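Working notes for the structure below.
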């Protein structure tokens with residue numbers, strides 16, 4: 006099967022053609038917004054961090070921001086710094102250049118003598134990039150070029166029973182076609198880790214998976230917290246999910262049934278084909294941003310209660326198996342698979358239909374979130390009081 010998009014000079018294939026205006030920190034985010042709003046076809050990330058970071062969080066933020074810039078859906082990037090933040094513009098630009106050879110420009114607000122000058126300069130550069138991006142031909146690639154992120158949020162029992170397994174069927178189809186699938190949300194693997202461990206391709210992958218899940222829980226315990234105190238969420242509990250372990254057993258279905266070939270850190274670039282596990286938080290937006298930084302060009306997102314979440318970098322396909330949610334949240338839901346639960350429709354058939362939607366979306370069809378212009382951003386942090 007073929008998909009349509011754009012070949013990048015670094016050899017990767019993008020299914021969107023964004024010009025990204027990327028602030029280094031919260032202090033530069035509004036300036037980036039000013040610039041992006043004045044350029045048709047430009048996107049920006051409302052970076053809430055970038056300063057007052059621990060050494061560990063600096064590394065995470067650098068990897069994430071540079072990974073997003075390197076994402077194949079991005080034609081080129083304009084980095085904007087304030088001048089005094091921890092994530093210096095030159096530092097971020099250097100990391101981006103290590104990952105990709107795509108177009109890159111760097112501006113610093115203090116050197117440009119204020120936000121208005123910076124935004125005007127950034128907009129001028131972005132228009133030039135946009136013109137260049139628009140001249141690229143729309144080309145074909147095999148669907149094996151696709152990296153699919155998987156996410157669940159606002160879960161209820163229909164998520165674990167139907168929506169997540171339907172995504173799992175879709176994941177298997179893509180993996181069998183030579184593509185890549187990312188299974189995310191480390192806290193929602195707690196209690197199901199031994200099931201996943203049995204699917205690891207090598208002892209080394211198995212060891213890394215178990216260590217990643219254990220470290221996530223231990224990081225909470227070190228500061229006197231328990232991941233189960235906030236997970237399941239009130240919405241999960243109201244929907245009928247009782248424990249984190251129960252939620253995990255539903256969550257892992259999104260990864261299908263194929264062997265786990267690799268485990269990567271949050272925002273780290275995926276290097277292997279097949280099923281990959283990424284260490285992300287359970288927070289939906291941060292998880293999606295991490296997968297985009299890791300190279301995912303597209304994501305599928307199951308939801309029982311419904312969510313409007315979208316991304317400015319990758320299309321996010323929203324799926325529900327809750328018929329009521331499909332009706333109430335029709336502005337946001339791209340695929341309603343509740344007929345599996347209500348009418349006994351074959352789950353594999355529903356998975357095949359979802360795979361077709363993924364292929365169409367990977368060939369320039371817009372998702373509901375894209376049509377609404379949603380560009381949610383959050384970056385994971387370890388230390389919130391640095």
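Residue numbers (my numbering): 6 to 391. Where is the CB? At the ideal position from N, CA and C, for every residue including glycine. The structure presented is a predicted model; accordingly, all values stated were derived computationally and were not measured.
Complete runs of the alpha helix (DSSP H) confined to the region 210-277 [at least 4 residues] = Correct list: 239-244 and 249-256.
For residue 45: DSSP bridge partner residues | DSSP, once it has assigned bridges, lists no residue as partnering residue 45.
Distance, residue 49 Cα to residue 198 Cα = Their Cα atoms are separated by approximately 36 angstroms.
What's the gap between the Cα of residue 228 and the Cα of residue 389?
-> 12 angstroms
Nearest-angstrom Cα distance between residue 276 and residue 257?
-> 21 angstroms
Whole-angstrom distance between residue 371 and residue 378, CA atom to CA atom = 10 angstroms
Tell me where the beta strand (DSSP E) around residue 306 begins and ends.
-> 303-307
According to DSSP, is residue 130 helix, strand or coil?
-> helix
Tell me, which residues are paired with residue 325 by DSSP?
-> 341
Beta-carbon separation of residue 32 and residue 83 under 9 angstroms?
-> no
From the DSSP output, read off the bridge partner residues of residue 23.
-> DSSP lists 79 as partners of residue 23.
Contacts around residue 170, its chain only, beta-carbon distance under 7 angstroms, and the 5 residues preceding and following it disregarded | 258 and 352
What's the C-alpha gap between residue 264 and residue 345?
-> C-alpha separation (whole angstroms): 26 angstroms.
Cα-Cα separation, residue 13 to residue 117 = Answer to the nearest angstrom: the Cα atoms are 30 angstroms apart.
What's the C-alpha gap between residue 29 and residue 343?
-> 42 angstroms
Hey, quick one: how far does the alpha helix (DSSP H) through residue 194 stretch, first residue to last?
-> Segment: none, residue 194 is in no alpha helix (DSSP H) and carries neither H nor E.
So residue 91 is in the alpha helix (DSSP H); what residue range does that whole segment cover?
-> No alpha helix (DSSP H) holds residue 91; DSSP gives it neither H nor E.
For residue 206, three-class secondary structure by DSSP | coil
Between the C-alpha atoms of residue 185 and residue 100, what's the straight-line distance to the nearest angstrom?
-> 24 angstroms
Within its chain, find whatever has a CB closer than 6 angstroms to the CB of residue 368; leave out the 5 residues flanking it on each side and keep chain order.
-> 8 and 9
Quick one, are the C-beta atoms of residue 273 and residue 291 less than 9 angstroms apart?
-> no
Residue 284: buried (16+ other C-beta within 10 angstroms of its C-beta) or exposed?
-> With 16 or more other Cβ atoms within 10 Å, it is buried.
Would residue 254 pass as a contact of residue 233 if the rule is Cβ separation under 9 angstroms?
-> One thing to note: residue 254 has its Cβ no nearer than 9 angstroms to the Cβ of residue 233.
Using a Cβ-Cβ cut-off of 8 angstroms (strictly less than) and excluding sequence neighbours within five positions of residue 364, which residues of its own chain qualify?
-> By the criterion of a C-beta distance shorter than 8 angstroms, residue 364 is surrounded in its chain by 6, 8 and 148, once the five residues flanking it on both sides are discounted.
Smallest Cα separation from residue 200: which of 74, 329 and 260?
-> 260
Could you name the residues of the same chain whose beta carbon sits closer than 7 angstroms to that of residue 217, not counting the 5 residues immediately before and after it, in chain order?
-> The answer, listed in chain order, is 191, 268 and 284.
Could you name the residues of the same chain whose beta carbon sits closer than 8 angstroms to that of residue 374, not counting the 5 residues immediately before and after it, in chain order?
-> Sequence-distant Cβ neighbours of residue 374 in its own chain, meaning closer than 8 angstroms and more than five residues away, are 313, 314, 315, 316, 320, 321, 323 and 337.
By how many angstroms is the C-alpha of residue 308 removed from the C-alpha of residue 34?
-> Straight through space, the alpha carbons of residue 308 and residue 34 are spaced by roughly 29 angstroms.
Can you tell which of 68, 108, 112 and 59 has its C-alpha closest to the C-alpha of residue 2?
-> With the chain covering 6 to 391 only, the question about residue 2 has no answer from this structure.
Residue 67 to residue 347 span [Cα, whole Å] | 46 angstroms
How about residue 173 and residue 55: do their beta carbons lie closer than 9 angstroms?
-> The Cβ atoms of residue 173 and residue 55 do not sit closer than 9 angstroms to each other.
Bridge-paired residues (DSSP) for residue 296 = According to DSSP, which records beta bridges pairwise, residue 296 is partnered with nothing at all.
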